[in-house]
Amino acid sequence: MAVITIDIISDAICPWCFIGYRDLQKAISLYQKTYPGGSKDEFQLLWKPYFIDQKPPKESILIQDRMLRKMGPRMTEGAQARLKRVGAAMGISFKFGGYMGSSRLAHVLLHITGAEKGFLMQGKVSEILFQYQFEREEDISCIDTLVRAAVEVGLEEEEVKGWLAGEGNGVRAIIEEQGKKAREEGVQGVPHYIIGGNYHIDGAVDVAEFFEKVVEVKEGGSGGELLITGVTCSLSRDGVKIDAC
Numbered sequence: 001m002a003v004i005t006i007d008i009i010s011d012a013i014c015p016w017c018f019i020g021y022r023d024l025q026k027a028i029s030l031y032q033k034t035y036p037g038g039s040k041d042e043f044q045l046l047w048k049p050y051f052i053d054q055k056p057p058k059e060s061i062l063i064q065d066r067m068l069r070k071m072g073p074r075m076t077e078g079a080q081a082r083l084k085r086v087g088a089a090m091g092i093s094f095k096f097g098g099y100m101g102s103s104r105l106a107h108v109l110l111h112i113t114g115a116e117k118g119f120l121m122q123g124k125v126s127e128i129l130f131q132y133q134f135e136r137e138e139d140i141s142c143i144d145t146l147v148r149a150a151v152e153v154g155l156e157e158e159e160v161k162g163w164l165a166g167e168g169n170g171v172r173a174i175i176e177e178q179g180k181k182a183r184e185e186g187v188q189g190v191p192h193y194i195i196g197g198n199y200h201i202d203g204a205v206d207v208a209e210f211f212e213k214v215v216e217v218k219e220g221g222s223g224g225e226l227l228i229t230g231v232t233c234s235l236s237r238d239g240v241k242i243d244a245c
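Per UniProt numbering, the sequence shown starts with residue 1, numbered consecutively.
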């Protein structure tokens with residue numbers, strides 16, 4: 001049995017991170033069903049923080065207004081249509097009527113969940129946060145929303161409230177340092193994946209490309225390659241690139 005690690009550098013308010021995660025899940029399922037001995041291999045998906053908004057608004061704003069400010073009406077319409085089309089193929093029903101704010105507390109929750117409950121529960125929390133933000137039109141910058149989401153996937157309400165009190169009692173500084181480190185190491189947009197510690201995939205790519213890289217890791221490839229064919233929510237001088245989010 002092999003243990004294949006995949007670092008997922010992601011932001012909970014990035015729609016392409018949601019899409020990319022669904023593609024990655026499909027690729028893992030395909031690998032376990034079709035690759036010889038693949039059903040015995042274990043995948044460890046480890047979520048790492050990234051902040052596409054370095055200076056988020058002090059108060060949450062409507063997603064529609066956020067996109068209009070960054071893109072203008074024409075590009076917003078195109079971006080939303082694309083997300084709805086691609087998302088539908090992934091089983092995601094994107095909606096844009098909710099509010100969006102800072103993702104700091106969401107990352108605090110993800111970090112502590114991983115440290116206290118392990119990577120499997122961390123993955124469940126990440127999935128439910130995407131659903132709350134993009135399908136249920138919930139604002140995941142709010143503590144009450146984060147607590148409800150965490151409880152829905154099996155965490156204890158009072159424990160989660162304790163985690164989030166005081167912004168994680170120092171965890172915020174840890175996640176901000178991790179986000180800074182990712183940028184310094186060249187990650188300029190998310191999702192970004194590191195498979196087996198070496199293979200870098202930049203952006204949401206299709207199932208076949210994920211599958212190919214997993215097989216290369218399994219078969220002992222040297223790695224170090226950067227695949228820049230996917231779509232990201234990316235940093236620019238003005239914030240998020242207008243062709244992504």
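Backbone N, C-alpha and C define an ideal beta-carbon position, used for all residues, glycine too.
Coil, strand or helix - residue i by DSSP
i	result
Phe134	helix
residue 263	Here the chain comprises residues numbered 1 to 245, so residue 263 is not present and cannot be evaluated.
Tyr50	coil
Ile92	coil
Leu129	helix
Val214	helix
Gly162	helix
Ser102	coil
Asp65	helix
Ser60	coil
Leu109	helix
Gly189	strand
residue 270	Lying before the first or after the last residue shown, residue 270 is absent from the chain, which here runs from 1 to 245.
Chain-order list of residues whose beta-carbon lies under 7 Å from that of residue i (same chain, five-residue window excluded)
i	result
Arg172	Arg104, Val108
Leu45	Ile6, Ile8, Phe119, Gly123
Glu157	Val147, Val151
Cβ distance (whole Å) where residue i is taken to contact residue j below 8 Å
i	j	result
Pro49	Gly179	5 Å
Met30	Val207	A small fix is needed here, since residue 30 is Leu in this sequence, not Met. Sure, about 6 Å apart at Cβ, within 8 Å.
Gly87	Ser93	7 Å
Ile140	Ala12	6 Å
Val3	Glu42	5 Å
Residue i - containing beta strand (DSSP E), residue span
i	result
Asp7	3 to 10
Gly144	Note that residue 144 is Asp in the sequence shown here, rather than Gly. Per DSSP, Asp144 belongs to no beta strand (DSSP E); it is in the alpha helix (DSSP H), 143 to 152.
Ile201	199 to 202
Proximal residues to residue i (C-beta, below 6 Å), its chain only, five neighbours per side dropped
i	result
Thr160	The sequence shown places Val at residue 160, not Thr. So the qualifying residues of the chain are Val147, Ala150.
Glu137	Lys95, Gly97, Gly98
Ala182	Ile9, Tyr50
Gly38	Tyr31, Gln32
Within 9 Å, strictly: CB atoms of residue i and residue j
i	j	result
Tyr99	Ile63	yes
Phe130	Cys17	yes
Ile19	Phe210	no
Own chain residues within Cβ distance below 8 Å of residue i, not counting five before or after
i	result
Glu167	Arg104, Leu105, Val108
Start and end residues, alpha helix (DSSP H) containing residue i
i	result
Phe21	Note that residue 21 is Tyr in the sequence shown here, rather than Phe. 15 to 34 is the span of the alpha helix (DSSP H), which, as asked, contains Tyr21.
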